[in-house]
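Worksheet: the structure to be examined is printed underneath.
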Amino acid sequence: MTEEKAKQMFAFIADKFDANNLPLDDSSTFELFQRADTDGIFMMESEWDKYDLRQIKPKNMDELTATIALSHGLAVNPYIYTYLKIQKIQPFTYPRFTEMERVKEILSDTHGMLLWKEQKEEILAYIDSLSDEEKERYSSAIKIVLHEIELRQHSLSNRKFFRNRAMICYKLAYIKAHMPEDFERLRMKLCN
């Protein structure tokens, strides 16, 4: 399934539902991703993608977006294993730099892992906004976060790009979960 074919499917099925007004917390749709029943789902059809879905088991749009970025973005493995460990080990002991509450908030949607370019920019802006006294108080944490940013700067992904991809995947999965016959019929028509 290509992005173009996905958009054609949305157009063909527009009389049955509005693809732009779906609930983004549909359990049937996320269960489909969690079991990797993703044949016909844009960017989610390969065995590589299915493996990642089965491991991460995304439960919301943030996790689905991260899964796609980890499978297709600059952060392709080994960072997926860090993400999995962070997600599964509870309570997770955050890296030292999250002693700064604002940094912890910035990284919350990726379970404390630096994944997005936007997170990097927000963290750097926050550090720049600190007073000299605050910079002194957090000096160890700041050194650690700056080192992490330096290590990861070439593997950070664009959140908006992958969120848009995740929305296409989600819409297709929603159709597949709630209208499986229509989905298969249109998939066969569009992809053969």
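Those letters in the sequence shown? Residues 167 to 358, by this note's numbering.
Built from N, CA and C at the ideal position, the CB exists for glycine as well.
In this text the structure is predicted, and so the values were computed from the model without any measurement.
- Proximity of the region 274-284 to the region 219-232 meets the contact definition, three or more beta-carbon pairs being nearer than 8 Å.
- Going by C-alpha positions, Val311 is about 10 Å away from Tyr304.
- Per DSSP, Lys182 lies in no alpha helix (DSSP H) and is assigned neither H nor E.
- Per DSSP, the continuous alpha helix (DSSP H) segment holding His238 begins and ends at 227-238.
- The C-beta separation of Cys357 from Phe208 comes to about 11 Å, leaving the pair out of contact by the 8 Å criterion.
- C-alpha of Lys171 to C-alpha of Leu352: approximately 10 Å in a straight line.
- Annotated as distal: Ala332 and Thr195, with beta-carbon spacing of 8 Å or more.
- Contact between Lys337 and Ala185 holds, with the beta-carbon distance rounding to 5 Å and staying under 8 Å.
- Taking 4 residues as the minimum length, the alpha helix (DSSP H) runs contained wholly in the region 270-326 are 283-295, 298-303, 305-318, in order along the chain.
- The beta-carbon distance between Ile272 and Glu288, rounded to whole angstroms, is 5 Å. This is short enough to meet the 8 Å contact definition.
- For Ser193, the three-state secondary structure derived from DSSP is helix.
- Considering only Asp228, Met167, Thr168, Arg329, the residue with the shortest C-alpha distance to His277 is Asp228.
- Take Glu169, set aside five residues on each side of it, and the residues of its chain with a beta-carbon closer than 7 Å to its own are Phe208, Ile334, in chain order.
- A direct Cα-to-Cα measurement between Asn187 and Lys326 gives close to 19 Å.
- Glu265 and Glu299 have their alpha carbons spaced roughly 16 Å apart.
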